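J.: Numbering (our numbering), first residue to last: 363 to 1134.
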């Protein structure tokens, strides 16, 4: 077969110049068949490329269905050369085939750990890292594979391969001799590179010969079928080993032997939405590019690229309230063109645009540049796939729910305010809570306060592409979101090994409105509560149940059965708490303090009079308990004061005893910390408590004060800024108040005659005339 029948197009996986040149070359060639580097298992879903609802960026997801732990993503943007090749071939009704080594083989060969992807996304043509200074391409047998473009860029006088490729390829407006030049350059580089030896840290190196052998076999199959003009689109590094000469030098029998008896795993393929952020190299994507938003602009605006880019920047800055005039834009364009001319660049690139933008449009500030980088240079665009795309039932159910509840996924983070009194918002809340149970954290709940109370929920929503795989994995629990969440809860209930874990799960289940899971969970919870003897587990289990009871009325869920569990927990906590608080060290006292405060807040929230009376009686008994750690004694005294069981005078008496000279300073400091932690309102408004604390601090010896200072500083740091300011003002005026309260402490040996000597000078400084 004549050599001209095989046409190799070496490309980089994402680039507008490569894509435009490839499309022009294909239109001129009019091939009979198009072979593209990619997974052959995706053949059944290739026709969806032409669907009207298919809007890049999207990705092919190849995964192992049972269990779906191994997966590979093949992302495409509209400016990806492979996407343009697929679109052209399918639009012309040509045979279009993927020719890479099947993913089923790669999964079986790499054997990853559970939950780890078997292969990375499409491998990069070159690293964006700059070449090492002083390196010389003339050195023979240098391993160029990690960064082939770096060597070419260095020879051309560029700082890195990414910038060289952009200027030489991505900004091109024609495809004349481009792919022949790329093939020639890569051939020279591969001849200089020694054969690769697989290493344990990079097992994918062993797959390179297999991948290239399978590509050659696919080309040979197309030749045997009688296709005259074969277009091969592949990564530029692979191009030299796919030519007609390479096919001759590497016989089919050798490639067939290499591919014989390879292990294989059954896989499935589908399309999923992707984002510009996941195309960026900063996301960790191996073939990532630095500026997907800018590349998208180059593709959409091949003419007047610079002017239209500055128009987009001006629109963005104006939306943020920053002034940008027409004069700014004119000056920015002039500066960009001047910079490109000084640097001998054929056209301005992104570095020149960024410098002009910061200097002219941003006034030299860097903060607006961060906004421009995120919104325009990267650009958080979320692609879409057709509804006919193969999906597991769980994915289809989520799409139906999103459409029914008018809750569309977006790549940009947005705040959602849900009023739980509205049926649609309540259903949205159920959906988001169910997805969180399944590990799909599309929404992150925010705390609601103020007038919103328990009737509002705030969520921060942001869709990530990997959620599609998580939904596939969760499909083993059920075919709908509700059924899958219920199945997951049943298993999590059986595996829970402590009471707080069960009560925390119960709170999530009721928020997600999963009535079928509640009965199983409640039965397990009651049994565990009856067996539990650890008082800390009992105390940790109560607050989540209190939250469940609080949400019951708002969410219209039946939580009556939980009341009996709460009653039993309160009784057992009240009985066991005095013993659990005896003889605690500092660490144990700190842990018990958190539990005690949480239980108190939970019972205060429930406002059940018998339970509150029982709890406060226990606190009164604890306050009188000998040997109680100061941290707990102080906090209990504060809780009794706030609950109305102790008067201020009694609290002052207890503080006086705790801060007396008879008490150990460390114990006294712990009492103060427990009493004051979180709020200093009492000190601001109660003179007796203030003077007791002030007197205790002032009588501490200097060395002991320095020892206790970090503890006191930690306590006062929990107060609000306003409270600390008021305390500072009061301490500043404290000497006068102290002298009025304790006149007997005024110095008796004041020498009026000596003071009189200073008066004339003082009067002179103040400008006061004194007649003698």
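Ideal placement from N, C-alpha and C gives every residue a C-beta, glycine not left out.
For clarity, every value in this text was computed on a predicted model and none was experimentally measured.
Going along the chain, which residues of its own chain have a beta-carbon closer than 7 angstroms to the beta-carbon of residue 1007, five neighbours each way excluded?
T.: Here residue 1007 corresponds to residue number 645 of the chain shown, with the count starting at 1. Within the same chain, residue 1007 has close Cβ partners 978, 982.
J.: Could you spell out where the alpha helix (DSSP H) holding residue 821 opens and where it closes?
T.: Here residue 821 is taken as the residue at index 459 of the chain shown, counted from 1. Careful: residue 821 lies outside any alpha helix (DSSP H), inside the beta strand (DSSP E) at 818-823.
J.: For the candidate residues 463, 570, 385, whose alpha-carbon lies nearest to that of residue 447?
T.: Within the chain shown, numbered from 1, the residue matching residue 447 stands at position 85. The option with the nearest alpha carbon to residue 447 is 385.
J.: According to the Cβ coordinates, are residue 996 and residue 1046 closer than 8 angstroms?
T.: Position 634 of the chain shown, counted from the start, is the residue given in the question as residue 996. Position 684 of the chain shown, counted from the start, is the residue given in the question as residue 1046. It is not a contact, given that the beta carbons lie outside the stated cut-off.
J.: Looking at residue 516 and residue 745, is the spacing between their C-beta atoms short of 8 angstroms?
T.: The count along the chain shown starts at 1 and reaches residue 745 at position 383. The count along the chain shown starts at 1 and reaches residue 516 at position 154. Contact: no.
J.: For residue 618 and residue 579, I'd like the C-alpha separation in whole angstroms.
T.: Counting from one through the chain shown, the residue named residue 618 turns up at place 256. Counting from one through the chain shown, the residue named residue 579 turns up at place 217. Approximately 8 angstroms between the Cα atoms of the pair.
J.: Report buried or exposed for residue 945, applying the criterion of at least 16 other Cβ atoms within 10 angstroms of its Cβ.
T.: Taking the chain shown and counting its residues from 1, the one referred to as residue 945 is at position 583. Looking at its Cβ environment, which holds fewer than 16 other Cβ atoms inside 10 Å, residue 945 is exposed.
J.: Roughly how many whole angstroms lie between the Cα atoms of residue 645 and residue 871?
T.: Working through the chain shown from its first residue, we reach residue 645 at position 283. Working through the chain shown from its first residue, we reach residue 871 at position 509. So the alpha carbons of these two residues sit roughly 33 angstroms apart.
J.: Cα separation between residue 531 and residue 380?
T.: To locate residue 531, count along the chain shown from 1; it is residue 169. To locate residue 380, count along the chain shown from 1; it is residue 18. Taking the straight line from one Cα to the other gives about 6 angstroms.
J.: For the segment 623-637 against the segment 593-607, do three or more pairs of beta-carbon atoms, one drawn from each stretch, fall closer than 8 angstroms, so that the two count as touching?
T.: Touching, no, given that fewer than three Cβ pairs across the two stretches are closer than 8 angstroms.
J.: Does the segment 829-838 come close enough to the segment 411-428 that 3 or more CB-CB pairs lie under 8 angstroms?
T.: The segment 411-428, when compared against the segment 829-838, does touch it at the 8 angstroms Cβ threshold.
J.: Helix, strand or coil for residue 374, going by three-state DSSP, please let me know.
T.: Working through the chain shown from its first residue, we reach residue 374 at position 12. Of the three classes helix, strand and coil, the one that applies to residue 374 here is coil, per DSSP.
J.: Could you tell me the alpha carbon to alpha carbon distance between residue 963 and residue 905, rounded to whole angstroms?
T.: If you number the chain shown from 1, residue 963 lands on position 601. If you number the chain shown from 1, residue 905 lands on position 543. C-alpha separation (whole angstroms): 8 angstroms.
J.: Identify which residue in 464, 1077, 723 has its Cα closest to the Cα of residue 695.
T.: Here residue 695 corresponds to residue number 333 of the chain shown, with the count starting at 1. The shortest Cα separation from residue 695 among 464, 1077, 723 belongs to 723.
J.: Return the Cβ separation of residue 748 and residue 376 in integer angstroms, given the expectation that the two are a contact with Cβ distance under 8 angstroms.
T.: The sequence position of residue 748 within the chain shown is 386, counting from 1. The sequence position of residue 376 within the chain shown is 14, counting from 1. Actually they do not touch by this definition, with Cβ atoms about 22 angstroms apart.
J.: Does the beta-carbon distance from residue 597 to residue 373 come in below 8 angstroms?
T.: Translated into positions along the chain shown, residue 597 becomes position 235. Translated into positions along the chain shown, residue 373 becomes position 11. Closer than 8 angstroms, so yes.
J.: Which partner residues does residue 637 have in the DSSP bridge list?
T.: Taking the first residue of the chain shown as 1, we reach residue 637 at position 275. Bridge partners of residue 637: 744.
J.: Mind checking who residue 435 pairs with in its DSSP beta bridge?
T.: Taking the chain shown and counting its residues from 1, the one referred to as residue 435 is at position 73. For residue 435, which the question treats as bridged, DSSP gives the partners 423.
J.: Since residue 595 and residue 395 are thought to touch, with beta carbons under 8 angstroms apart, how far apart are those beta carbons, to the nearest angstrom?
T.: On the chain shown, residue 595 is found 233 positions in, with the first residue counted as 1. On the chain shown, residue 395 is found 33 positions in, with the first residue counted as 1. Not quite, the Cβ-Cβ distance comes to about 11 angstroms (not below 8 angstroms), so this is no contact.
J.: Suppose only complete runs of 4+ residues qualify. What are the alpha helix (DSSP H) ranges in the segment 873-904, listed by chain order?
T.: Here the runs fully enclosed are 877-893.
J.: Can you check which of these residues, 1115, 576, 750, 664, is closest to residue 465 by C-alpha distance?
T.: Residue 465 sits at position 103 when you count from the first residue of the chain shown. Comparing Cα-Cα distances from residue 465 to each of 1115, 576, 750, 664, the minimum goes to 576.
J.: Would residue 442 pass as a contact of residue 540 if the rule is Cβ separation under 8 angstroms?
T.: Mapped onto the chain shown, residue 442 falls at position 80. Mapped onto the chain shown, residue 540 falls at position 178. No, these two residues do not count as a Cβ contact at 8 angstroms.
J.: Quick one: is residue 796 buried, meaning 16 or more other Cβ sit within 10 Å of its Cβ, or exposed?
T.: Numbered from 1 along the chain shown, position 434 holds the residue referred to as residue 796. Its Cβ being crowded by 16 or more others within 10 Å, residue 796 is buried.
J.: Mapping DSSP to helix, strand and coil, what is residue 948?
T.: Along the chain shown, one-based indexing puts residue 948 at 586. In the structure shown, residue 948 sits in a helix (DSSP, three-state: H, G or I).
J.: Closer than 7 angstroms by C-beta to residue 852: which residues in its own chain qualify, once you throw out the five before and the five after it? Chain order, please.
T.: If you number the chain shown from 1, residue 852 lands on position 490. 879, 882, listed in sequence order.
J.: Relative to the C-alpha of residue 804, which residue among 1036, 1001, 991, 774 is closest?
T.: The count along the chain shown starts at 1 and reaches residue 804 at position 442. Taking only the C-alpha atoms, the option nearest residue 804 is 774.
J.: Could you tell me the boundaries of the alpha helix (DSSP H) in which residue 739 lies?
T.: One-based indexing of the chain shown puts residue 739 at position 377. Element bounds for residue 739: n/a, residue is neither H nor E.
J.: Measure the CB-CB distance between residue 783 and residue 769 and report whether it falls below 8 angstroms.
T.: As a working mapping, residue 783 is identified with position 421 in the chain shown. As a working mapping, residue 769 is identified with position 407 in the chain shown. No; because the gap between Cβ atoms is not below 8 angstroms, this pair is not in contact.
J.: Would you tell me roughly how many angstroms separate the C-alpha atoms of residue 1086 and residue 1002, rounded to the nearest one?
T.: In the chain shown, residue 1086 corresponds to position 724, counting from 1. In the chain shown, residue 1002 corresponds to position 640, counting from 1. Using only the alpha carbons, I get a separation of about 24 angstroms.
J.: Could you tell me the alpha carbon to alpha carbon distance between residue 980 and residue 885, rounded to whole angstroms?
T.: If you number the chain shown from 1, residue 980 lands on position 618. If you number the chain shown from 1, residue 885 lands on position 523. Going from the Cα of residue 980 to the Cα of residue 885 covers about 29 angstroms.
J.: Could you pull out every residue in the same chain whose Cβ sits closer than 7 angstroms to the Cβ of residue 404, ignoring the five residues on either side in sequence?
T.: Here the question's residue 404 lines up with position 42 in the chain shown. Answer for residue 404: 422, 424, 460, 631, listed in chain order.
J.: Pull up the distance between the alpha-carbon of residue 717 and that of residue 390, whole angstroms please.
T.: For this step, residue 717 is matched to residue 355 along the chain shown. For this step, residue 390 is matched to residue 28 along the chain shown. Approximately 39 angstroms between the Cα atoms of the pair.
J.: Alpha carbon to alpha carbon, what distance is there between residue 368 and residue 592?
T.: Residue mapping note: residue 592 aligns to position 230 of the chain shown, counting from 1. Residue mapping note: residue 368 aligns to position 6 of the chain shown, counting from 1. Cα to Cα, residue 592 sits roughly 5 angstroms from residue 368.
J.: On the three-state DSSP scale, how would you describe residue 369?
T.: On the chain shown, position 7 is the one that residue 369 refers to. Reduced to three states, the DSSP call for residue 369 is strand.
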